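To keep things clear, I will list the structure first and then write my remarks on it.
Chains as they are written, first to last, in this note's numbering: chain A, 2 to 536; chain B, 229 to 650; chain C, 687 to 1089.
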């Protein structure tokens, strides 16, 4: 490409244009303190193929790809480009060899424009280092048109939807002439229709001779687009196959190591009185825009209502408003007959509401505190943990010694600090804390995000138990399988407005997908809610 | 998220608008009450626009009736306050705020100068002079924070800069050598800051404060050891004279203020333009800002985060050292213990109030510089305010500004967070 | 958390004591460099050998005086006892007494800063809080007459606590309500307090009758802290108060409900809020309490040592509190130990300046260097080839400017 500055010295392989390349990984091994993340992994990516890397959270997929992208160095093994061993000391080396990566958590600068983000690191400049925004704009538009990725070069990234941000990431990789594109869990943040669009883009990239490594734990997506599938478990390759020779069930078994239920089995709900009643709720996000727009719904005792929707459509703000963490601009929140609209977080918790926060590290746990202290985070000021102003730390430890085995938290002791636990164990601490309190309403936001299958199953079981003991449960989740599997009634949020809740038998997966993308059904929500809004 | 963000997360935009409007009304009431009442109708204030020393074209004095001015301007502020409460000025809110503050200051000056005359030009000239080290310090903080490193050691860097500049300029009788020495010593302290903040990842505010204490102790120690016994050779630097720019210095009013200043002021203006352009229009600036916002994203784009941070912190140290040289070579020629008196922190406040931009920093620094210059000018007039309160003025002004009257802006997203390469 | 970036939390106590000791030694060595570099006799020496000799002499003299001023000469104690006279005995213990006198306010300011750190706050306003407390305590001390000492002294101390508390309350409130970063607001209030002192000491209310210089009236004898060892030694009952305060702070932080909230907010304000803790209230109360502790430093200084107010009576106590808190790792026991160490340095520096003309500012240099070296264990380990401790320094997230 004429006119582009190359400001890093030449290294590994020299390329001209985006040729197709064959990528090989042989015997890649990587150890972190206490864990063998990658165990002698062999993998080949042929030119022009979509190669799915399948595995549950924690299986080692991202680590492997970070090695391929030059972010980590392997302890053993080598990387081969067209059969020649190479060493990637940094992402620049990988980029120069033709590897591009779209990370699970986007590597974008929110306050920069799309064009600035795309060219960062390989900027287009005029004399004296002045940025050439005009050429950058043209380049972004050209790439967008060539591969069907429409993005406006001049918008600020922070005002783009998640799906649009992902397109920017892909354009970034293509701008650097990636021959192999690594996509790390791209569909986790997309609506079903956006997922279809992405899969189409992948096909057009394939036709242009590029290869794609598609990392996912979603069996459906894997079966739909893969040319070949490699399954990782516990850091090792446990299977390699093609969709024609396999099935979702078989893949699931390979991923987890034993047969698992693909659907959560739960007995029918026996709903009772209304516990949570939300009417006309409106709330803002942290930039002052409306995030929750006139939302109304009920949750009854003994039932689970799940709210589906892609991140960023107001679910986060809805939960925070319900818990008193954000002010309510309009509307009412009533829990068990008490008006909690302007209640503080403490008052809400005291009223019998449990909260499993979306971000367990930021909102759910205090990393420096011990497990015992974290288990008492909501109740430290109440007897037996406190007598008046005096704290009783031994009581906290006793409590922990009961809860740790009860919730199967793997830890050397009750005094270990929570920050050292794995993600699954951390979430178990949060669940142990909230589920051990007397609650009439449990609000769980993304309760199983990023967890291993064992923890996911465990938490789902506990939620169903809680429901059957008579609590009302509200789950917010962007995982469609979780929404369908757990919801007695299902609602969908899009741009702050809510469709539903509807009885789960009345909804198909496709209908939910359409609602997540903004369609309205015109159907009335069930049991006590307002009619679904029309946009 | 910090403690502040948590507790304020609940504030709504509406109440912020109203608070600002109420502030305007309060200012209006203060103007009327303090400067308008108890003043007879006949009292006038003379504002002088000429300096005896300058060659600028002569402009007649401005004579204003104090009482009418106070009440008139108070009425304007009250009106603006009412509009702000009801409708809000939105994007123009900061400009209106600046206007209200300027009107208040004008009414105050009129009242202070009642029945006598005040050199407005002299006051503005002095304001710019006092604002110069604050702006340079703000630029220092700016370069560091835009790359994601908090530099609280500006105060210390200024002190060693002032000390070294006085020492070297005195010993060599060469002002340029003095300025260079000042800059280099600031840079040296910045190297220590950089190593502890970037390599050892110690909390940046802690390192900054400890370095301030270190510089305070070191300059005090060396002053006693070297400058007191050898005053004549080591602590008698010549103050740099103002250099009038031909033609431009003759412009009425503006000439003496902007174009008849010493080299530090001119350097400040040049740096203002250079930094503004480089930070927002060049490749270097884009990378620096990327490092300060999302260092991991910058890293994956192939940018050397650590190197950029080191370079920017050291550049910041050089600038702070330059700011420090001003205190000796640009003002009094002699070093005294703790002569910066907290101005490094005021510079930081100016940077924050200026929303981490060079132009904004200058604006805020002018306000603080004015407060700093107040004591000089008002001691000539018979103002019934204890001089000690006037000396407090810059610190109180900073306090008010930092308390968010000006509103909160976002610092670079990765500000203060050490970058951990995995 | 802020503190963890300065000293690795999981390292063993012996390991960290070793690091502190070595940091101290290294700081002394580097400071000796400054002493030598600024000594004219070294440069005026005719040949390198005598230059070296002069350099060595300068350092030995300075540090010898420092040590003597801090703890005295052990061999002189038995001699003093055998001499029998009270003043003779007092002379032998004078340095120790001075160390305690200097350490007493440092315990208070160190606790003030440490308490702030525990709640996630940088309390750099110790200077202003000490002044506010001293002004209040002094005022009560010289204007309240006729009450019995049992009432007057506690009253003055409470006034000191309240004064300092007010000076901590303001930045705390500003932080909770507006997000104003407490580093800047507390430092601004420091300067305001300094000028307020001048102002008050020139008013009839405060100024000693018959004087034109800024000095206040003398504190009532009823409000003075009793001396512990007679007329010749300055050590006073405030020392007990300091230890009591350290115990109280420990108890507060780890054995009360409020202390739990403190530590939670200091560690993770978002999670604390989600768990129902009122973060704003914690911030305000923490800064107020911290200010009150620093105010007590000022109060004990005025009521136990100086007995009247003069400008600059706080003389860097607030800033020294920062180094004491950092060295003490934010633990009350550590703060007491660090206060004794730095108090010794302070007391010794007077002697050092008197007998060798080495400026007292050197002590500030030593203190700052100790903190820097303690904060970078890797540097110490590299210098002394220690085996690496089996932990890594946890990188921390500085709160930034309220983002």
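Note that the Cβ used here is the ideal one computed from N, Cα and C, for glycine as well. This structure is a prediction, so every number in the text was calculated from the model and none was measured.
Residue i: contacting residues in chain C (beta-carbon distance under 7 Å)
i, result
"residue 453 of chain B", "724, 1045"
Alpha-carbon to alpha-carbon, residue j and residue i
i, j, result
"residue 1036 of chain C", "residue 793 of chain C", "20 Å"
"residue 941 of chain C", "residue 388 of chain A", "11 Å"
"residue 385 of chain A", "residue 68 of chain A", "50 Å"
"residue 400 of chain B", "residue 552 of chain B", "18 Å"
"residue 597 of chain B", "residue 947 of chain C", "41 Å"
"residue 413 of chain B", "residue 406 of chain B", "11 Å"
"residue 286 of chain B", "residue 859 of chain C", "51 Å"
"residue 646 of chain B", "residue 964 of chain C", "29 Å"
"residue 325 of chain A", "residue 45 of chain A", "51 Å"
Neighbour list for residue i in chain A, Cβ cutoff strictly below 7 Å
i, result
"residue 512 of chain B", "130"
"residue 509 of chain B", "131, 132"
"residue 962 of chain C", "346, 347, 350, 379"
Closer than 9 Å to chain B by CB, residue i
i, result
"residue 370 of chain A", "no"
"residue 1005 of chain C", "yes"
"residue 366 of chain A", "no"
"residue 442 of chain A", "no"
"residue 695 of chain C", "In this prediction, residue 695 of chain C scores a pLDDT of 48, lower than 50, which makes its location untrustworthy; the coordinate-derived value is nonetheless stated afterwards. No, residue 695 of chain C lies away from the interface with chain B (no Cβ there is under 9 Å from its Cβ)."
"residue 396 of chain A", "no"
"residue 1009 of chain C", "yes"
"residue 1000 of chain C", "no"
Cut-off 6 Å between Cβ atoms - residues of its own chain near residue i, not counting five sequence neighbours on either side
i, result
"residue 391 of chain B", "447, 563"
"residue 773 of chain C", "918"
"residue 464 of chain B", "398"
"residue 2 of chain A", "Caution is warranted here: a pLDDT of 36 is assigned to residue 2 of chain A, below 50, making its placement in the model unreliable, and no coordinate value can be reported."
Residues near residue i by beta carbon distance below 8 Å, same chain, minus five either side
i, result
"residue 21 of chain A", "48, 49, 180, 210, 211, 212"
Proximity test, Cβ basis, 9 Å: residue i and chain C
i, result
"residue 616 of chain B", "yes"
"residue 381 of chain A", "yes"
"residue 30 of chain A", "no"
"residue 21 of chain A", "no"
"residue 510 of chain A", "no"
"residue 435 of chain B", "yes"
"residue 538 of chain B", "no"
"residue 386 of chain B", "no"
"residue 564 of chain B", "no"
Listed by chain order, chain A residues near residue i by CB distance under 9 Å
i, result
"residue 865 of chain C", "Here the premise fails: no neighbours, minimum Cβ distance about 13 Å."
"residue 809 of chain C", "Here the premise fails: no neighbours, minimum Cβ distance about 20 Å."
Contact set for residue i: own chain, Cβ-Cβ below 7 Å, skip 5 residues either direction
i, result
"residue 828 of chain C", "902, 903, 904, 905, 906"
"residue 497 of chain A", "291, 292, 293, 294, 314, 315"
"residue 360 of chain B", "492, 493, 496, 554"
Proximal residues of chain B, C-beta to C-beta of residue i below 9 Å
i, result
"residue 140 of chain A", "None at all; the shortest Cβ gap to chain B is about 15 Å."
"residue 92 of chain A", "527, 528, 529, 530"
Beta carbon proximity, residue i to chain A, threshold 9 Å
i, result
"residue 515 of chain B", "yes"
Interface residues of chain B facing residue i [CB-CB closer than 7 Å]
i, result
"residue 96 of chain A", "530"
Chain-ordered neighbours of residue i on chain A, where CB pairs are closer than 8 Å
i, result
"residue 944 of chain C", "390"
Report task. Ignoring anything shorter than 3 residues or poking outside the region 874-912 of chain C, list the beta strand (DSSP E) runs there in chain order. Result -> none
Query - Whole runs of the beta strand (DSSP E) within the region 454-517 of chain A, excluding any shorter than 3 residues - result: 473-477, 490-495, 498-504
Query raised in the report: Enumerated in chain order, which unbroken segments of the alpha helix (DSSP H) with a length of 4 residues or greater are wholly contained in the region 106-170 of chain A?
Result: 115-120, 134-148
Report task. Would you mind listing the alpha helix (DSSP H) stretches within the region 529-615 of chain B that are 4+ residues and don't spill past its ends, in chain order? Result -> 533-553, 571-581, 586-608
Query raised in the report: Which runs of the alpha helix (DSSP H) spanning at least 4 residues fall entirely within the region 348-405 of chain A, listed in chain order?
Result: 372-376
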